[in-house]
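Residue numbers (the UniProt record's numbering), protein chains in the order written: chain W, 1 to 193; chain P, 1 to 193. Heads up, the beta-carbon is just placed ideally off N, CA and C, and yes, glycines get one too. Owing to the predicted nature of the structure, the values given are computational and were not obtained by experimental measurement.
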DNA sequence: CCGTCCGGAGAACGAGCGTTCTCCCTTACC
DNA sequence: GGTAAGGGAGAACGCTCGTTCTCCGGACGG
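Structural data, given as structure tokens:
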């Protein structure tokens with residue numbers, strides 16, 4: 001087995017276990033068992049558990065944002081793209097094994113004691129906010145709206161994780177529609193539209 | 001020192017440490033050092049760490065909801081009371097040592113492995129949702145609105161915890177006002193008001 | 001066929017921690 | 001004053017886990 005394949009298998013196992021059980025609840029032995037990569041190789045690839053956690057969060061950040069963007073791309077209308085974010089959330093929440101947002105969970109677990117985790121969580125949320133700001137800008141809408149949509153999306157992730165998935169994304173989407181309409185009425189660039 | 005005072009001191013220490021650092025990062029020795037209550041007494045009061053965690057979350061749930069309700073009570077207008085929730089969030093976020101929502105953080109840390117923590121988090125969020133539903137009902141507004149406000153409040157807590165406090169509560173309040181106006185326009189009980 | 005190197009399996013080590021135990025001191029009662 | 005009960009300090013125990021080490025087998029070069 002070559003280096004790259006082993007790395008992928010380790011990160012696959014890490015993602016499944018860290019996301020599903022929490023970071024501290026998963027030992028390096030668990031990663032080894034699930035990935036089939038020996039401890040020696042594991043430590044050649046990632047010198048410490050902390051590095052592995054960092055790599056897990058980084059890779060998941062890229063794939064999470066890519067998946068979101070790919071879904072949003074399927075919609076051409078700038079305002080529809082904003083709503084599409086919440087459609088995608090609904091789809092994500094319904095995936096088997098959904099257990100809330102990996103960064104919110106990691107931050108709750110280790111934000112106070114691990115600079116790595118705190119930084120990764122901040123970077124991810126900043127990137128998500130920037131993405132929403134891009135969407136609202138493309139629709140000629142304010143950055144304020146993006147901030148409000150961020151709150152709705154974060155609230156939906158948390159609530160779906162803790163209280164369960166039923167209806168949460170739809171609620172968030174309905175609220176997003178209202179905020180979007182309200183912002184469109186006051187749209188700075190084309191108020192008459 | 002009598003039993004009750006020792007219990008209070010232990011719970012005070014537990015709250016400060018568990019909330020500030022996370023549950024797994026705090027040992028029973030840390031609780032003992034900060035509270036000044038010996039290990040023997042500590043285990044007489046709480047048979048296991050799990051019980052202590054449960055008591056911490058229960059007591060904090062009561063005081064958190066009491067503090068919120070006390071602030072909301074100061075406002076007589078039913079719609080003003082709804083907005084007052086977000087005023088109180090702003091005040092809470094600004095407290096020194098604010099580190100997000102204790103239940104969201106605990107759930108992220110232990111929701112997957114501890115039934116105690118998962119249950120406490122669900123109970124707390126259910127109680128908060130019920131409270132918001134009471135406020136919207138008092139204003140003659142729909143339960144749907146309460147669900148949307150819950151998402152905003154949860155999103156604000158998470159975002160304030162991870163990205164920092166600046167402006168988050170004000171954003172949430174602005175969004176809440178818009179949703180409230182929109183719901184008031186469609187108010188089922190007194191649509192003309 | 002023999003030696004050498006690489007990687008795997010898992011034992012070993014050391015630290016941290018939940019929980020219990022030991023020892024000693026204080027206090028209260030006869 | 002003697003004694004028993006209770007509580008405090010902290011050592012001890014057993015377990016988990018991150019990390020490293022040891023040993024062995026198998027592949028490859030001479």
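Candidates the options, of which the one nearest residue i by Cα
i                     : options                  : result
residue 122 (chain P) : P:139, P:103, P:131      : P:103
residue 82 (chain W)  : W:168, W:167, W:152      : W:152
residue 150 (chain W) : W:19, W:111, W:134, W:20 : W:134
residue 107 (chain W) : W:97, W:44, W:185, W:119 : W:119
residue 14 (chain P)  : P:32, P:4, P:5, P:3      : P:32
residue 60 (chain P)  : P:176, P:2, P:125        : P:125
residue 113 (chain W) : P:28, P:68, P:17         : P:17
residue 139 (chain W) : W:186, W:101, W:11       : W:186
residue 100 (chain W) : P:110, P:97, P:96, P:99  : P:110
residue 65 (chain P)  : P:141, P:128, P:182      : P:128
residue 7 (chain P)   : P:184, P:34, P:116       : P:34
residue 5 (chain W)   : W:36, W:116, W:76        : W:36
residue 177 (chain P) : W:163, W:182, W:96       : W:182
residue 171 (chain P) : W:98, W:143, W:63        : W:143
residue 98 (chain W)  : W:52, W:162, W:62, W:26  : W:162
residue 19 (chain W)  : W:174, W:3, W:175, W:53  : W:53
residue 116 (chain W) : W:63, W:51, W:141, W:184 : W:51
Cβ-based neighbour list, residue i, same chain, cut-off 6 Å, excluding 5 preceding and 5 following
i                     : result
residue 136 (chain W) : 145, 146
residue 229 (chain W) : Because residue 229 (chain W) is not part of the residues shown, which for chain W are 1 to 193, the question remains open.
residue 154 (chain W) : none
residue 173 (chain W) : 86
residue 30 (chain W)  : 17
residue 75 (chain W)  : 81, 84
residue 184 (chain W) : none
Residues near residue i by beta carbon distance below 8 Å, same chain, minus five either side
i                     : result
residue 179 (chain W) : 145, 148, 149, 152
residue 94 (chain W)  : 165
residue 58 (chain P)  : 120
residue 55 (chain W)  : 11, 14, 46
residue 72 (chain P)  : 81, 84, 85, 88, 135
residue 69 (chain P)  : 131
residue 22 (chain P)  : 105, 109
residue 175 (chain W) : 152
Sequence-distant residues of its chain with Cβ nearer than 7 Å to residue i (five each side left out)
i                     : result
residue 168 (chain P) : 93, 156, 159, 160
residue 191 (chain P) : Because residue 191 (chain P) carries a pLDDT of 47, less than 50, the predicted location of this residue cannot be relied on, and no value is offered for it.
residue 28 (chain P)  : 39, 42, 49
residue 26 (chain P)  : 17, 18
residue 9 (chain W)   : 35, 36, 37
- Which residues, taken in chain order from the UniProt DNA-binding region "H-T-H motif" (27-46) of chain W, show a beta carbon closer than 8 Å to some beta carbon of chain P? none
- Just checking, does the stretch 70-86 of chain W make contact with the stretch 80-97 of chain P on the three C-beta pairs under 8 Å criterion? no
- Using a beta-carbon distance cut-off of less than 8 Å, what residues from the stretch 124-138 of chain W approach chain P? 125, 126, 129
- Quick one, which residues of the stretch 55-83 of chain W are near chain P if we go by CB-CB under 7 Å, in chain order? none
- Message: Output needed in chain order: residues of the stretch 155-186 of chain P with a Cβ under 9 Å from some Cβ in chain W.
- Response: 155, 156, 157, 158, 159, 161, 162, 163, 164, 167, 168, 171, 172, 174, 175, 178, 179, 181, 182, 183
- Could you run through the stretch 103-121 of chain P and flag, in chain order, every residue whose CB is less than 9 Å away from some CB of chain W? 103, 104, 105, 106, 107, 108, 109, 110, 111, 112, 113, 118, 121
- With 8 Å as the C-beta to C-beta threshold (strictly closer), list the residues of the stretch 3-23 of chain P near chain W in chain order. 20, 21, 22
- Task: Report the residues of the stretch 84-99 of chain P with a CB closer than 7 Å to any CB of chain W, ordered along the chain.
- Result: 99
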